[in-house]
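To start, the structure itself, in structure tokens.
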Amino acid sequence: MSQDQALAEFLLRMGDNTLILGHRTSEWCGHGPALEEDIALANTALDLIGQTQMWLGLAAEVQGQGKTADDLAFLRDAWEFRNLLLVEMPNGDFGQTLMRQFLFDAWHVLQLRALTSSSDARVAAIAAKAVKEATYHLDRSAETVIGLGDGTEESHARMQAALYYLYPYVGEMFLSDAVDAALVEAGIAPDPASLRAEFDATLARVLGEATLTLPAARRARGGGRDGKMHTEHLGHLLTTMQWMQRAYPGATW
Amino acid sequence: MTDTQSNQPSLAQIWDWLDAVPDPEIPVISLVDLGIVRDVEWSDDGLIVTLTPTYSGCPATSVIRLDVKTALAAHGIDRLTIKTQIAPPWTTDWLSDKGRARLADYGIAPPSPAGGPDQCPRCASPKVTRVSQFGSTPCKAHWRCDACLEPFDYFKCI
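From first to last, the protein sequence lines are chains P and Z.
Every position in the first sequence, counted from 1, becomes a number in the numbering used here once 140 is added.
Every position in the second sequence, counted from 1, becomes a number in the numbering used here once 5 is added.
Set out below in structure tokens:
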């Protein structure tokens, strides 16, 4: 694998994470439990889609096949996506959506922070832009996880169930393969495993305050970031997200 | 210097023209006040204006490009390239003092390093409460005054 191939793969991973989570989050638009939360979810989705344009735009440029960010978003099928399984998990209730957001944000901030010193100036520039937004997302998702975890009996039980449901997908953030090795070697991206200690510290602090119990099992369910085995949920998401291009190929306006 | 170049409006003049282009979502301040015009320069191919986005997904970005093009075309500038630059990332530190004052007059609390507004932009009471970290546009949060009870927008500090 050439360094450019590894870089293109890495950029797909970054862009597909924000694209799929951005789309998932946008599914709440008009359905939030309160107007303020609806707006917050839509704003978060907007930031993520904005970041997607930068990551997938650069991925297309590095691939050098004349594609655009839109081509990559709308004209690939499930097995070509490189997002973490965590972000394709269904929204569930509001608590589960915010738990998923918190688990992602806690990793995303660390990943972006490390990428601001990437040896690739284009990657560093996108990370510097995105980390400001991600930090803001983490403030909100952590606060909401604490509020609902340490809330009523009902909200506590739902947040604990959400954590049990989503935690098996956390480990995938820290797996690595030949793509990661090539990027670490080139100084482009951090070794995923190197982010785990600080991630665990954030989780311990926030979940502790939220009076939630971290599941003991740390077995990682993978297959998203390398595209080997997505969950059934991704295909359903894509049929909605890509509907326009599937029904009217090449449509523009 | 060729004749064409000597007929070019000065860069200071162009900055003035851009300072008359309102932000599409917060029209009391200009694009220059907002700090998103990063550079203006003449090249052999005409004028180059470099813009930076506030938030990466801000939907106003394409409208802003169009507004810049339209405003400069009205002053006779037809050879224009608009570049987008994301580094260094936009920060609310780039808001002009004039822009901050206009935001406050308009009822939007300007960004504060403390992470929240100093006072209510309407009655100046320091007793304010956050309603939501997000507001009507990506760059704002939603607050309420506990004295006059009016809700208001706060320009997020990033």
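Just so you know, even glycine gets a beta-carbon here, dropped at the ideal spot from N, CA and C.
Test item: CB-CB of residue i and residue j under 9 Å
{"i": "Z:Q13", "j": "Z:R43", "result": "no"}
{"i": "Z:P94", "j": "Z:T57", "result": "yes"}
{"i": "P:S259", "j": "P:I160", "result": "no"}
{"i": "Z:V68", "j": "Z:V54", "result": "no"}
{"i": "P:M299", "j": "P:L352", "result": "yes"}
{"i": "Z:R127", "j": "Z:P115", "result": "no"}
{"i": "Z:D50", "j": "Z:R84", "result": "yes"}
{"i": "P:L306", "j": "P:Q236", "result": "yes"}
{"i": "Z:I41", "j": "Z:W99", "result": "yes"}
{"i": "P:E177", "j": "Z:S48", "result": "no"}
Beta-carbon neighbours of residue i, restricted to chain Z and to distances below 7 Å
{"i": "P:R280", "result": "Q138"}
{"i": "P:A265", "result": "I91, A92"}
Chain C contact residues for residue i, given Cβ-Cβ distances below 7 Å
{"i": "P:E273", "result": "Annotation note: the requested chain C is absent from the structure, which comprises protein chains P and Z."}
Residue i: contacting residues in chain P (beta-carbon distance under 8 Å)
{"i": "Z:H147", "result": "E176, I179"}
{"i": "Z:P93", "result": "A268"}
Beta-carbon proximity list for residue i, same chain, < 8 Å, skipping 5 on both sides
{"i": "P:R253", "result": "A267, V271"}
{"i": "P:Y304", "result": "P355"}
{"i": "P:T275", "result": "V249"}
{"i": "Z:D151", "result": "S130, K132, V133, T134"}
{"i": "Z:M6", "result": "Because the pLDDT of Z:M6 is 43, which lies under 50, any placement of that residue in the model is unreliable, and the number read from its coordinates should be weighed accordingly. Excluding sequence neighbours, Z:M6 sits near nothing in its chain."}
{"i": "P:M330", "result": "What sits at residue 330 of chain P in the sequence shown is Pro, not Met. So the list reads Q251, A254, L255, V324, once near-sequence residues are dropped."}
{"i": "P:R359", "result": "P308, G311"}
{"i": "P:R114", "result": "Given that chain P is displayed from residue 141 to residue 393, the structure contains no residue 114 of chain P and the question cannot be resolved."}
Contacts that residue i makes with chain Z (C-beta to C-beta distance below 8 Å)
{"i": "P:M239", "result": "The premise fails here: P:M239 is roughly 17 Å from chain Z at the closest Cβ pair, so nothing lies under 8 Å."}
{"i": "P:M381", "result": "The premise fails here: P:M381 is roughly 16 Å from chain Z at the closest Cβ pair, so nothing lies under 8 Å."}
{"i": "P:M194", "result": "S61, I91"}
Neighbourhood of residue i by C-beta distance below 7 Å, restricted to the same chain and skipping five residues each side
{"i": "P:A246", "result": "L278, F339, T342, L343"}
{"i": "P:R386", "result": "none"}
{"i": "Z:D8", "result": "Because Z:D8 sits at a pLDDT of 45, beneath the cut-off of 50, its placement in the model cannot be relied upon, and the following sentence gives the value as read from the coordinates. For Z:D8, where only same-chain residues beyond five positions count, there are no Cβ hits under 7 Å."}
{"i": "P:M313", "result": "L224, W247, P332"}
{"i": "P:I286", "result": "V346, E349, A350"}
{"i": "P:D144", "result": "V202"}
{"i": "P:A199", "result": "A148, L151, L152, G155, L212"}
{"i": "P:S316", "result": "D331, P332, A333"}
{"i": "Z:C153", "result": "C125, R127, C128, S130"}
Helix, strand or coil at residue i according to DSSP, with G and I counted as helix
{"i": "Z:K145", "result": "strand"}
{"i": "Z:G51", "result": "strand"}
{"i": "P:L378", "result": "helix"}
{"i": "Z:L56", "result": "strand"}
{"i": "P:G235", "result": "helix"}
{"i": "P:F339", "result": "helix"}
{"i": "Z:E46", "result": "strand"}
{"i": "P:A218", "result": "helix"}
{"i": "P:F244", "result": "helix"}
{"i": "P:Y388", "result": "coil"}
{"i": "Z:D8", "result": "Any reading at Z:D8 must be qualified, since the residue scores a pLDDT of 45, below 50, and its modelled position is unreliable; no value is offered."}
{"i": "Z:R84", "result": "coil"}
{"i": "Z:F160", "result": "strand"}
{"i": "P:S295", "result": "helix"}
{"i": "P:T184", "result": "helix"}
{"i": "Z:S67", "result": "helix"}
{"i": "Z:R135", "result": "strand"}
{"i": "Z:S35", "result": "strand"}
{"i": "Z:A114", "result": "strand"}
{"i": "Z:P14", "result": "coil"}
{"i": "P:A284", "result": "Checking the sequence shown, residue 284 of chain P turns out to be Thr, not Ala. In this structure, P:T284 counts as helix in the three-state DSSP scheme."}
{"i": "Z:V73", "result": "helix"}
{"i": "Z:T3", "result": "Here chain Z has residues from 6 to 163 only, and residue 3 of chain Z is not among them."}
{"i": "Z:T89", "result": "strand"}
{"i": "Z:P27", "result": "strand"}
Chain-order list of residues whose beta-carbon lies under 6 Å from that of residue i (same chain, five-residue window excluded)
{"i": "P:S295", "result": "L288"}
{"i": "Z:I19", "result": "V45"}
{"i": "Z:R135", "result": "W148"}
{"i": "P:Q241", "result": "S281"}
{"i": "P:W195", "result": "L151, M154, G155"}
{"i": "P:G197", "result": "A209"}
{"i": "P:F234", "result": "P173"}
Proximal residues of chain P, C-beta to C-beta of residue i below 9 Å
{"i": "Z:I163", "result": "K272, E273, T275, Y276"}
{"i": "Z:P143", "result": "N183, L186, D187, G190, E273"}
Check your understanding: Does the pairing of the segment 357-366 of chain P with the segment 221-233 of chain P give three or more beta-carbon distances under 8 Å?
Key -> yes
Review point. How about the segment 72-90 of chain Z and the segment 140-147 of chain Z: do they share at least three Cβ pairs that are nearer than 8 Å?
Key: no
Review point. Would you say the segment 61-68 of chain Z touches the segment 185-196 of chain P, given that touching needs at least three Cβ pairs under 8 Å?
Key: yes
**Study point:** Contact between the segment 319-335 of chain P and the segment 368-382 of chain P (3+ Cβ pairs under 8 Å)
**Key:** no
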